[in-house]
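One rule links them: number in this note's numbering = place in the sequence shown (from 1) + 37.
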Amino acid sequence: MFSVIALKSQETQVGIASFYHQKFHGRKTANGHHLNNDSYTCAHRTLPLGTKVEITNLNNGKYVIATVNDRGPYARNRIIDVTQQIAKDLDFLDRGIAKVQIKVIKGEPLWYVIKASDSAQFANRFGVKIGSFTNYAEAALVAKKLKECCGAFVNLGRTTNAGKAFLLVAGNFATAEEAKNLLNNFPHKIKEPEIISYNQILETLK
């Protein structure tokens, strides 16, 4: 049996995760919002609501970043309940449970999410497009590996016909030539990286 402890910065907790049944979709969570099984949220017994956590499936190494917005789980042998979207990304939706590690995230985030109001920060500037991902966990793994060598990453959540896509872009440069220098010195093997104008991204957010 795993003991339930209050996690502090840099501390981790290992135990069994399960996910919300679809019947709970739309019900109120502990923070007063409605549960969305397609979101990246979770329930924990002791962590403050709003805490960001990194949840890793110890069976396959896949992980996601989620926000604690509910209390639970109520089963004594579980340490966290996650949405079905998270269970899908971590590959335990069919099995129902998984052994996971939970780590509280503090400090600099893995990436920055571009918003429509960010035009002053990104208009007429350039970056290196790393790729577009439909799987959050895959995007997070790539971002984590490349963040140290490439500086700031940007995660853009956009709705497409196929669902939600995550576009990763490295750097924020005044000219395409500066972005090209990063591209030419890219130390990792990335499939077809390319220079992209942030104007293209901002246009999709209007």
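Here a beta-carbon is modelled for each residue, glycine too, at the ideal position from N, C-alpha and C.
Nothing here was measured: the structure is a model prediction, and the numbers come from that model.
Nearest-angstrom beta carbon gap, residue j and residue i [assumed within contact, 8 Å]
i: Y77; j: Y173; result: 7 Å
i: V313; j: T88; result: This structure gives no information on residue 313, because the portion of the chain shown stretches from 38 to 243.
i: S55; j: D128; result: That belief does not hold up - the Cβ atoms of S55 and D128 are roughly 14 Å apart, past 8 Å.
i: I53; j: I123; result: I53 to I123, Cβ: 14 Å. No contact.
i: L183; j: V137; result: In fact, because the Cβ distance is near 24 Å, the residues do not count as touching under 8 Å.
i: A207; j: V165; result: 5 Å
i: H62; j: L72; result: 6 Å
Neighbourhood of residue i by C-beta distance below 6 Å, restricted to the same chain and skipping five residues each side
i: N198; result: Because the pLDDT at N198 is just 48, under 50, the model does not fix this residue reliably, and the value given afterwards should be weighed accordingly. Closer than 6 Å at the Cβ level, and outside the excluded window around N198, lies no residue.
i: E91; result: Y100, I102, K140 and I142
i: D107; result: T66, A67 and A80
i: T196; result: At T196, the pLDDT of 46 sits below 50, so the modelled position is not reliable; the number obtained from the coordinates is stated separately. Nothing listed; no residue qualifies.
i: D131; result: none
i: L219; result: V165 and G208
i: S169; result: A202 and L204
i: G109; result: A80 and D118
Residues bridged to residue i (per DSSP)
i: V179; result: Note: V179 sits in no beta bridge, so no partner.
i: F170; result: F203
i: Q59; result: Answer is none; Q59 lacks a bridge partner.
i: F210; result: F163
i: V232; result: First, the residue type needs correcting, since residue 232 is Ile and not Val in the sequence shown. DSSP output for I232 lists V165 as bridge partner(s).
i: I134; result: S55
i: K65; result: H71
i: T49; result: K140
Test item: CB-CB of residue i and residue j under 8 Å
i: G176; j: L242; result: Before going on, a small fix: residue 176 reads as Ala here, not Gly. No, these two residues do not count as a Cβ contact at 8 Å.
i: I238; j: A216; result: no
i: P230; j: I134; result: no
Close-in-space but distant-in-sequence residues of the same chain around residue i (CB under 8 Å, 5 per side omitted)
i: E240; result: none
i: P85; result: V105
i: S156; result: L239
i: D75; result: T120, Q121 and Q122
i: A160; result: Y235, N236 and L239
Same chain, Cβ closer than 7 Å to residue i, neighbours up to 5 away in sequence not counted
i: A211; result: R162
i: E48; result: V141
i: H70; result: N106
i: M38; result: Residue placement at M38 is poorly supported in this model, since its pLDDT is 21, which falls under 50; the coordinates still yield a value, given next. Only N114 meet the Cβ criterion.
i: A213; result: F163 and I232
Test: residue i CB closer than 8 Å to a CB of chain C
i: V206; result: Among the chains in the structure shown there is no chain C, since it carries only a single protein chain.
Q. Can you list, in chain order, the stretches of the beta strand (DSSP E) that have 3 or more residues and sit fully within the segment 75-131?
A. 78-80, 89-94, 100-107 and 117-119
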